[in-house]
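Student:
Number of protein chains: 2
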Amino acid sequence: MSLYDLLPINDALNIVLRVVKPLTTERVATAEADGRVLAEEIRSPENVPPFRASTVDGFAVIANDHGAPRKVVDNITAGVADRPALQSGTAARIMTGAPLPDGADSVEMIEYSQLDNGSVTFDRRVSPGENVRPIGIDISSGDVVLQPGSIIGAPEVGLLMTLGVTQIECYRRPTVAVLSTGDELVEPGEPLRPGAIRDSNRYALMASIREAGGVPVSMGRAIDDRDLQTRMIREGVDLGDVLITSGGVSVGDRDFIKPALEELGTVHFGRINFRPGMPLTFAEIGPKLVFGLPGNPVSSLVTFESFVRPALRAMQGDPHPLRPLVEVELEHDFRRPGGRLEYHRAVVRYSGGRLRARSTGLQISSRLLSMVGSNAMLVLVEGEGTLPAGSVVPAVLTGPIQND
Amino acid sequence: MSLYDLLPINDALNIVLRVVKPLTTERVATAEADGRVLAEEIRSPENVPPFRASTVDGFAVIANDHGAPRKVVDNITAGVADRPALQSGTAARIMTGAPLPDGADSVEMIEYSQLDNGSVTFDRRVSPGENVRPIGIDISSGDVVLQPGSIIGAPEVGLLMTLGVTQIECYRRPTVAVLSTGDELVEPGEPLRPGAIRDSNRYALMASIREAGGVPVSMGRAIDDRDLQTRMIREGVDLGDVLITSGGVSVGDRDFIKPALEELGTVHFGRINFRPGMPLTFAEIGPKLVFGLPGNPVSSLVTFESFVRPALRAMQGDPHPLRPLVEVELEHDFRRPGGRLEYHRAVVRYSGGRLRARSTGLQISSRLLSMVGSNAMLVLVEGEGTLPAGSVVPAVLTGPIQND
Chain X
1432 MSLYDLLPIN
1442 DALNIVLRVV
1452 KPLTTERVAT
1462 AEADGRVLAE
1472 EIRSPENVPP
1482 FRASTVDGFA
1492 VIANDHGAPR
1502 KVVDNITAGV
1512 ADRPALQSGT
1522 AARIMTGAPL
1532 PDGADSVEMI
1542 EYSQLDNGSV
1552 TFDRRVSPGE
1562 NVRPIGIDIS
1572 SGDVVLQPGS
1582 IIGAPEVGLL
1592 MTLGVTQIEC
1602 YRRPTVAVLS
1612 TGDELVEPGE
1622 PLRPGAIRDS
1632 NRYALMASIR
1642 EAGGVPVSMG
1652 RAIDDRDLQT
1662 RMIREGVDLG
1672 DVLITSGGVS
1682 VGDRDFIKPA
1692 LEELGTVHFG
1702 RINFRPGMPL
1712 TFAEIGPKLV
1722 FGLPGNPVSS
1732 LVTFESFVRP
1742 ALRAMQGDPH
1752 PLRPLVEVEL
1762 EHDFRRPGGR
1772 LEYHRAVVRY
1782 SGGRLRARST
1792 GLQISSRLLS
1802 MVGSNAMLVL
1812 VEGEGTLPAG
1822 SVVPAVLTGP
1832 IQND
Chain Y
1432 MSLYDLLPIN
1442 DALNIVLRVV
1452 KPLTTERVAT
1462 AEADGRVLAE
1472 EIRSPENVPP
1482 FRASTVDGFA
1492 VIANDHGAPR
1502 KVVDNITAGV
1512 ADRPALQSGT
1522 AARIMTGAPL
1532 PDGADSVEMI
1542 EYSQLDNGSV
1552 TFDRRVSPGE
1562 NVRPIGIDIS
1572 SGDVVLQPGS
1582 IIGAPEVGLL
1592 MTLGVTQIEC
1602 YRRPTVAVLS
1612 TGDELVEPGE
1622 PLRPGAIRDS
1632 NRYALMASIR
1642 EAGGVPVSMG
1652 RAIDDRDLQT
1662 RMIREGVDLG
1672 DVLITSGGVS
1682 VGDRDFIKPA
1692 LEELGTVHFG
1702 RINFRPGMPL
1712 TFAEIGPKLV
1722 FGLPGNPVSS
1732 LVTFESFVRP
1742 ALRAMQGDPH
1752 PLRPLVEVEL
1762 EHDFRRPGGR
1772 LEYHRAVVRY
1782 SGGRLRARST
1792 GLQISSRLLS
1802 MVGSNAMLVL
1812 VEGEGTLPAG
1822 SVVPAVLTGP
1832 IQND
């Protein structure tokens, strides 16, 4: 009945990743760049540290100048500079992070010092260079410290601020318009008339978009009217870098999304050999992307996770747009899926030295409880009968691994 | 020199987790609750689906009513209701998600149908109940669908909206005041005078706070003046549920944080047997928590990750406030840390069926590059010599596992 081939999941994903391109870049304050992807190479304009710094609280000394008590001639706190050079036979009290005076080559820790009448002796002998951070030990001037494609987290913010780089070039976050379709939908806050269901997908997808680093824009709901849906698709690709629709991609008389996308642009695929979410549709309209997600709640979120999220990550310049793929051991028997490859929602935990998975239960595509609390999708190949407990299968990790 | 015992890391963490309590709760719009932790039990007020729904596009029929062509008497689209009951010998065109008419017990897919002159015949025989979602199959009225402590993600948003639960009780996000201390600090955008360094920690910590679900409030910098720092600590615990200071916790003459905390409240510990970040200090002032983090950039972020983040997660009601702990195989020799347990920053990838780790290089506590791009902290026990490649060590996963 459908004109569209049932595309293997990897073929479909490859099409998506071939079509998507990183968005343009923009200048972002480093202080607010966490979560962004860097679009430029950052070279250090200077040495870190820019001076020889003490790593401890103690006394700056000349290491080979040992023997007699040393006269304490200075007190160097962090942040000061241009102190007089240290002469043989003397020491300078120095704080962690403070610059060594010229002449000094090491710092003895205060824990090993005896101060008496303005002179200091030590319980041990310090080595030249001990407790000193040499100039440039952390970073040398001119070093590449961050590559394009780096994801900015707390350490990267700290590193950039250390170097005085308060603005950076990052990829734009994609704006993603979300449109629900279907005569049966009502707003979640409205009374539920007979035969109707609440439009939960749009809100769940907006949360997924945020998690993926995108900026969701709600377009509300469209009833099953071809002209209206066509007009709203046009509007959606004007509004966003990406448009996501939910529902209306099956083969029913009132499934208008595929025909509308064919009319407005290029449909790359319209069915995938995959459960949940076979009718997933992917199209380009001009420079914009459209994902026609199935209306079943689980199908829409799993196809988002598997196809839209990688696209949104790639648009942000993430060089690793896919979730981690590992292998896990089944904790119980799993029924093999009939007919199509299945992404079986599961909980993966690290237990007894290995990654182990248990099902979230009944996997029908309407049952959102099959996703609640899950952190993985097990890749189950179609077949008859059961996969016995102890079998090892691939798993896409969608969240942190659990511990016992 | 220090009055404080060197506390083993687990003892210190246990103290923190014993002291922290979940914050109060607040009403949050479900549409904006992603990332929050649920503070109430959610029971379904209704059955899902509330009516018998078709899972396919096709024809609603009476399964045992087979044989002759069936007259097509109705066309039931999603969202309609109160259609006439189906009589023997008839069928109703029906869309995915539409309610079955009374009398019908199954739906035959359109793919298997032949429509001729207003009557339909099928290439196969449908079974009673086939392609029908029974009332309550996804969720039964009264079922507990979410427990307190559930972390709200896209599936949870979808589930709640499906049930019409548009507001939920969630734990408050902790407000976290951040204060940097030290005469040597200048703003990252300011010129760097000799002997000074840029205040990068405050910005890195604010990014870490956001990642942990907290709300950072910058208090700027305080020079090394005991009265000033004492006053700002008071102000910080007024402002936030938690105050984080950076620097000033060593044993130097100008390390005023510990004495100020002793004056204002109760110091639970002031040193940990841990690298990087030995001088970590944890105190309570009234109902508020204070973490005195070391000033070295790596020490401040690693102690945040290891102690402050679990506290912030627990304050948000997260029942699993700790990061995943796994075991990894070393890809190369690692030098055992002398003197203290080390959290060695590393990159963990899944390769050849196992989790493997390589170091991010020189681990001195000033070198932020040792954290850049890392997704794990390896737990290396103190000792002499090297841990050879192939050794298996515990690892705290701080980000997604990489693939080859």
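One line per chain: the protein sequences are X and Y, in this order. Taken in order, the first sequence gives residues 1432 to 1835; the numbers are from the working numbering. Taken in order, the second sequence gives residues 1432 to 1835; the numbers are from the working numbering. Beta carbons are placed, not taken as given, at the ideal position from N, Cα and C, and that holds for glycine.
#1: Tell me which same chain residues have a C-beta within less than 6 Å of the C-beta of Y/D1672, skipping the five on either side of it?
#2: Taking all protein chains shown into account, do 16 or more other C-beta atoms lie within 10 angstroms of the C-beta of X/D1835, making it buried, or fewer, making it exposed?
#3: Does DSSP put X/L1437 in a helix, a strand or coil?
#4: Taking the alpha-carbon of X/L1590 as reference, which of Y/V1812, Y/A1820, Y/E1815 and Y/S1797 has the nearest alpha-carbon?
#5: State the DSSP-derived secondary structure class of X/T1676, mapped to helix, strand or coil.
#6: The region 1749-1763 of chain X: which residues have C-beta closer than 9 Å to a C-beta of chain Y, in chain order?
#7: Can you tell me which of the three DSSP states Y/K1689 falls into?
#8: Near X/R1555, what residues of its chain come up, given a Cβ to Cβ distance below 7 Å and the 5 sequence neighbours on each side ignored?
#9: For Y/T1612 versus Y/G1678, is the C-beta spacing smaller than 7 Å?
#10: Any contact of the region 1783-1801 of chain X with the region 1433-1450 of chain Y, i.e. 3+ C-beta pairs under 8 Å?
#11: Ends of the alpha helix (DSSP H) at Y/N1632?
#12: Measuring only the C-alpha atoms, how far is X/D1436 from X/S1572?
#13: Pick out whichever of X/D1656, X/I1703, X/A1499 and X/G1626 has its Cα sitting closest to the Cα of X/A1691.
#14: Tell me whether X/P1532 is buried or exposed, calling it buried when 16 or more other Cβ atoms sit within 10 Å of its Cβ.
#15: Should Y/L1434 go down as buried or exposed, given a rule of 16 or more other Cβ atoms within 10 Å for buried?
#16: Since X/M1592 and Y/Y1634 should fall inside the 8 Å C-beta cutoff, what is the C-beta to C-beta distance between them, to a whole number of angstroms?
#17: What is the residue span of the alpha helix (DSSP H) that X/E1587 lies within?
#18: Between the alpha carbons of Y/G1645 and Y/S1822, how many angstroms are there, rounded?
#19: For a contact meaning CB atoms closer than 8 Å, what does X/L1577 contact in chain Y?
#20: Going along chain X in order, which residues have a C-beta closer than 7 Å to the C-beta of Y/R1798?
#21: Mind the definition here: the region 1464-1482 of chain Y touches the region 1726-1742 of chain Y only if three or more C-beta pairs lie below 8 Å; say whether that holds.
#22: Mind pulling the chain X residues with CB within less than 9 Å of Y/L1590?
#23: Where do the N-terminal and C-terminal ends of the alpha helix (DSSP H) with X/P1728 fall, by residue?
#24: Is Y/T1785 near Y/E1762, with beta carbons less than 7 Å apart?
#25: Report yes or no: is there a C-beta of chain X within less than 7 Å of the C-beta of Y/E1457?
#26: For the beta strand (DSSP E) containing Y/L1780, name the first residue and the last one.
#27: How long is the line joining the alpha carbons of X/E1621 and X/A1627, rounded to whole angstroms?
#28: Within 10 angstroms of its Cβ, does Y/S1519 collect 16 or more other Cβ (buried), or is it exposed?
#29: Our contact map puts X/V1492 next to X/G1549 with C-beta atoms below 8 Å; I'd like the distance itself, whole angstroms only.
#30: Anyone know if the C-beta pair for X/F1765 and X/L1818 falls short of 7 Å?
#31: Whole-angstrom Cβ separation of Y/G1595 and X/P1619, contact assumed at under 8 Å?
#32: The beta strand (DSSP E) that contains X/G1769, what's its start and end?
#33: Given that Y/M1650 touches chain X, what residues does it touch there, using C-beta distances under 7 Å?
#34: Closest Cβ-Cβ distance between Y/T1829 and chain X: below 7 Å?
#35: Looking only at its chain, what residues have a beta carbon closer than 6 Å to the beta carbon of Y/L1743, apart from the 5 residues adjacent to it on each side?
#36: Provide the residue span of the alpha helix (DSSP H) that contains X/A1745, from first to last.
Tutor: From the atom records:
#1: For Y/D1672, the CB contacts under 6 Å within the same chain, skipping 5 residues up- and downstream, are P1605 and T1606 in chain order.
#2: By the neighbour-count rule (16 or more Cβ atoms within 10 Å), X/D1835 is not buried but exposed.
#3: The three-state secondary structure of X/L1437, taken from DSSP, is coil.
#4: Nearest of Y/V1812, Y/A1820, Y/E1815 and Y/S1797 to X/L1590, Cα basis: Y/S1797.
#5: Three-state DSSP puts X/T1676 in a strand.
#6: Residues H1751, L1753, R1754, P1755, L1756, V1757 and E1758.
#7: Note: Y/K1689 maps to helix in three-state DSSP.
#8: Taking X/R1555 as the centre and dropping the five residues before and after it, the same chain places the C-beta of Y1543 closer than 7 Å to its C-beta, in chain order.
#9: Contact: yes.
#10: With the cut-off at 8 Å, the region 1783-1801 of chain X and the region 1433-1450 of chain Y do not touch.
#11: Run containing Y/N1632: N1632 to E1642, per the alpha helix (DSSP H) assignment.
#12: Those two C-alpha atoms are separated by around 56 Å.
#13: It is X/D1656 whose Cα lies nearest to the Cα of X/A1691.
#14: Its Cβ being crowded by 16 or more others within 10 Å, X/P1532 is buried.
#15: Flag for Y/L1434 reads exposed.
#16: About 5 Å separates the beta carbon of X/M1592 from that of Y/Y1634, a gap short enough to meet the 8 Å contact definition.
#17: Unbroken alpha helix (DSSP H) run through X/E1587: A1585 to T1593.
#18: Put simply, the backbone Cα of Y/G1645 is about 37 Å away from that of Y/S1822.
#19: Neighbours of X/L1577 in chain Y, taken as residues whose beta carbon is under 8 Å from its own, are V1803 in chain order.
#20: By Cβ distance, chain X contributes D1569.
#21: By the criterion of at least three beta-carbon pairs nearer than 8 Å, the region 1464-1482 of chain Y is not in contact with the region 1726-1742 of chain Y.
#22: Among the residues of chain X, those whose CB is under 9 Å from the CB of Y/L1590 are S1631, A1635, P1728, L1799, L1800, M1802 and V1803, following chain order.
#23: Start and end: P1728 to T1734.
#24: In the sequence under discussion, the amino acid at residue 1785 of chain Y is Arg, which differs from the Thr named in the question. In this structure, Y/R1785 keeps its C-beta atom at 7 Å or more from the C-beta atom of Y/E1762.
#25: The beta-carbon of Y/E1457 is placed no less than 7 Å from the nearest beta-carbon of chain X.
#26: The residue you asked about is not Leu; residue 1780 of chain Y is Arg in the sequence shown. Where Y/R1780 is concerned, the enclosing beta strand (DSSP E) stretches over L1772 to S1782.
#27: In this structure, the alpha-carbon of X/E1621 lies about 11 Å from that of X/A1627.
#28: Exposed, because fewer than 16 other Cβ atoms sit within 10 Å of the Cβ of Y/S1519.
#29: Actually they do not touch by this definition, with Cβ atoms about 15 Å apart.
#30: Going by C-beta atoms, X/F1765 is nearer than 7 Å to X/L1818.
#31: Cβ atoms of Y/G1595 and X/P1619 come within 8 Å of each other, at about 5 Å.
#32: Neither: X/G1769 is in no beta strand (DSSP E) and is coded neither H nor E.
#33: From the beta-carbon of Y/M1650, no residue of chain X is found nearer than 7 Å; the closest lies around 15 Å away.
#34: Between Y/T1829 and chain X, the shortest Cβ-Cβ separation is not below 7 Å.
#35: Result list for Y/L1743: P1605, A1643 and G1645, in chain order.
#36: First-last of the alpha helix (DSSP H) with X/A1745: R1740 to M1746.
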